[in-house]
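Here the structure comes first, spelled out in structure tokens, and everything after it is commentary.
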Amino acid sequence: MHNDVVLTGDRPTGPLHLGHYFGSLANRVRLQDTYPMYVLIADYQVITDRDLPGEIQRNTTELLLDYLAVGIDPGKVTIFQHSAIPELNQLLLPFLSLVSVSELSRNPTVKDEIAHSSQAAVSGLMFTYPVHQAADILFCKGTLVPVGKDQLPHVEVTRLVARRFNERYGEVFPLPEAMMGERPMLKGLDGGKMSKSRGNAIALSATEDETAALIRKARTDSDRLITFDETNRPEVANLLTLAGLCLGRPPQDIAEEIGYGGAVALKSLVTEAVNEFLRPIRKRRAELAETDVRTILAAGNEKARERAVATLGEVRAAMGF
Ligand code: TRP
1 MHNDVVLTGD RPTGPLHLGH YFGSLANRVR LQDTYPMYVL IADYQVITDR DLPGEIQRNT
61 TELLLDYLAV GIDPGKVTIF QHSAIPELNQ LLLPFLSLVS VSELSRNPTV KDEIAHSSQA
121 AVSGLMFTYP VHQAADILFC KGTLVPVGKD QLPHVEVTRL VARRFNERYG EVFPLPEAMM
181 GERPMLKGLD GGKMSKSRGN AIALSATEDE TAALIRKART DSDRLITFDE TNRPEVANLL
241 TLAGLCLGRP PQDIAEEIGY GGAVALKSLV TEAVNEFLRP IRKRRAELAE TDVRTILAAG
301 NEKARERAVA TLGEVRAAMG F
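Note that the working numbering numbers the sequence shown so that position 150 is 150, with each residue one more than the last.
Below is the structure:
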């Protein structure tokens, strides 16, 4: 317990939304008081499923602003990025020697991403990025990895890499564990998976008007009596769940309060609840955007790099280089 180190991260591909907040950011803010913690802006991982890194500088800054606005405290948490830590990236080389090509091609998350990819060709990085993710976790000897279900295969790869390294070269790495939340799964406003690219997600950084417009377009049904019924009325239930999370109340209560108000009353309540909930976060975000937040990232990078230098040194020594 007391030697645990938490490592998690996100790819800087766009703004974080409420699904991220209730799915993982709120949990990080809780964990930062208990464990040493690293949060990775996984910039090199952006090019696994797209040809170009895109607006990488801007997306990196935006992600950093989202982190800081929700209360991730750089006094407690080391926030850093792949591209600033050469020694982390160098771990990929010995780690790749520890896994077979057939193990890499069996990874269910990678298979799924290839199936849904819009790229003309599948790159080698698509198959090997889970091993790079092992380097993300092991460079700081991370032991707890808070992630969603889709990331479990990558934590398995990390355990495999750690175990094989230790067997071949001597005990260097702890075996990390995934940490799954018990959080309710928020769906997008159209009832599908919440995702920026589907236009069904409320970004933390959206304006109140943008938020209202998105919720106005949300799918509901024509039954005027609002009830919390996840099986038969999933879209209505999802809106009630969202309002419940923002208000800290059970969704059933909120349904009862709306009663026969129908979709109109439901949507106005949800809009109010979301905007109220995000108001202090958005305010902090706007204030932070006026400051030089990049210095915070530079400080995190420096700390993470020291850790990576030490671990790479141990790895080289263990391997006899
Ligand atoms: N693959 C993760 C995602 O797309 C991001 C990530 C990169 C990560 N490296 C990590 C998550 C290490 C946890 C641990 O969300």
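All C-beta atoms, glycine included, are put in the ideal place defined by N, C-alpha and C.
Status (buried if at least 16 other CB within 10 Å, exposed otherwise) for residue i
i      : result
Tyr35  : buried
Phe321 : exposed
His82  : buried
Pro331 : A question about residue 331 goes unanswered here, because the residues of the chain that appear run from 1 up to 321.
Gln45  : buried
Tyr260 : exposed
Val101 : exposed
His116 : exposed
Ser205 : buried
Thr231 : exposed
Pro12  : buried
Residue interval of the beta strand (DSSP E) (run including residue i)
i      : result
Gly124 : Run containing Gly124: none in the beta strand (DSSP E); it sits in the alpha helix (DSSP H), Gly124 to Leu138.
Met37  : Met37 to Ile41
Leu31  : Counting along the chain, Leu31 falls outside any beta strand (DSSP E), though it belongs to the alpha helix (DSSP H) covering Ala26 to Leu31.
Backbone secondary structure at residue i - three-state DSSP
i      : result
Gly9   : strand
His17  : strand
Val157 : helix
Val264 : helix
Glu323 : Given a span of 1 to 321 for the chain in the structure shown, any question on residue 323 remains unanswerable.
Val315 : helix
Pro94  : helix
Thr34  : coil
Host alpha helix (DSSP H) of residue i (start-end)
i      : result
Gln90  : Pro86 to Gln90
Thr61  : Ile56 to Val70
Glu177 : It is not in any alpha helix (DSSP H) - Glu177 instead sits in the beta strand (DSSP E) that spans Glu177 to Met179.
Val110 : Pro108 to Ala115
Gly244 : Pro234 to Leu247
Asp253 : Pro251 to Ile258
Glu103 : Val101 to Ser105
Bridge partner(s) assigned by DSSP for residue i
i      : result
Phe80  : Leu40
Ala203 : His17
Pro146 : Met179
Lys193 : Lys187
Next item on the list: Anything with a beta carbon under 7 Å from a heavy atom of the ligand TRP counts; list them all in chain order.
Entry: Taking each Cβ in turn, the ones that pass are Leu7, Thr8, Gly9, Asp10, Arg11, Leu40, Ala42, Gln45, Gln133, Asp136, Ile137, Val145, Val147, Gln151 and His154.
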